[in-house]
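A short worksheet on the structure shown next.
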Amino acid sequence: MILPLFLMFAAQAGPIDTDGARFDRCAALVRTDPAAALAEATRWSVGGGTWLPRQCAGLAYAAQAKFDDAARSFENAAAAARTAQDDHAARLFAQAGNAWLAAGDAAKARAALDSALVQGTLTGLQLGEARLDHARALVAAGEPDIARRDIDLALQSAPEDPLAWLLSATLARRMGDPKRAATDIAEALKRSPDDASVQLEAGNIAALAGNAARAQEAWAEAARIAPTTPVGRSAKAALAQFATAPAPATTPARPATETR
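Residue numbering for the sequence shown follows the working numbering, beginning at 804 and increasing consecutively.
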């Protein structure tokens, strides 16, 4: 299953200084008791901690779905790391951008991700994930052409990430490029066939290609994998068109309602 980008960044956010062990304990506490982790981060920060307690606070807020607070904590941590000329600043700005996306503020996400990318210190998967989030912010701002460039660069940095292929396929479909959409969703399916979002998009792309049988198969799989989620409900709604009236095989299926 595809991990949320935010969780992937959190997993990569290990510090390298004398407070590393304390950060590790705080981050571990986030997974079991985020409120207690936030209290620990606050005590640590008041006691003169570096950027690390602010990062832990961001993780704790995110674990409680308080994404605005998480984003601000990550931005504060990033500013402190940048002042200290620590290379973790870029990673922290990227975490802030991801949190702003989760909070629904694409403009602030784009600004934070611009700050992350301009540092020039992200590489590999971290760079790929930051570019993907930047692309998501651009799509939200109505700039799909620039977003396409970011996704293509992300695929170079993180070619094994199924989410990169999923987002690429979705953008290609929206931009009227069915061949690219079909190619990229096939790559996403290779890497994460058990993800409902991938199956939902596979159904949408098949529907637009006129393959109603394949669309029905993919949507049924999405509904089976995640029946109570927004993705699963969208898949069920798309499947309803087959249940209400037996359509001729030549009748094209309608794509599912967008969930992103």
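Beta carbons are placed, not taken as given, at the ideal position from N, Cα and C, and that holds for glycine. Computed from a predicted model, the values in this text were never measured in an experiment.
Among the options, nearest to residue i - alpha-carbon criterion
i	options	result
A840	I1008, A899, C829	C829
A866	W1022, L832, A1026	L832
W854	A868, D890, T835	D890
L974	L925, A899, L1042, A938	A938
I954	A967, E946, A1041	A967
T1032	N1014, R1057, Q1044, D998	D998
Where the alpha helix (DSSP H) containing residue i begins and where it ends
i	result
S1000	999-1011
W968	965-977
E946	It is not in any alpha helix (DSSP H) - E946 carries neither H nor E in the DSSP assignment.
R1057	Premise fails: R1057 is in no alpha helix (DSSP H) and is neither H nor E.
L925	Per DSSP, L925 belongs to no alpha helix (DSSP H) and is neither H nor E.
P981	981-994
N1014	Premise fails: N1014 is in no alpha helix (DSSP H) and is neither H nor E.
P856	855-866
A1029	First-last for A1029: undefined, no H or E at that position.
A831	823-835
Q898	891-906
A884	870-886
Distance between residue j and residue i (C-alpha atoms, nearest Å)
i	j	result
A813	A1046	Confidence in A813 is poor, its pLDDT being 49 and thus under 50, which makes the residue's placement unreliable; the coordinate value appears in the next sentence. Near 43 Å, if we compare the C-alpha coordinates of A1046 and A813.
R983	D822	47 Å
A816	L895	Unreliable positioning characterises A816 in this predicted model, as indicated by a pLDDT of 46, which lies under 50. The coordinate reading is nonetheless provided below. Distance between the alpha carbons of A816 and L895: 8 Å.
L1003	A1018	9 Å
E843	A989	45 Å
P962	L956	10 Å
A880	A899	9 Å
Counted within 10 angstroms of its Cβ, other Cβ atoms place residue i as buried (16 or more) or exposed
i	result
A912	buried
V1034	buried
E878	buried
K869	buried
I1008	buried
S960	buried
I1028	buried
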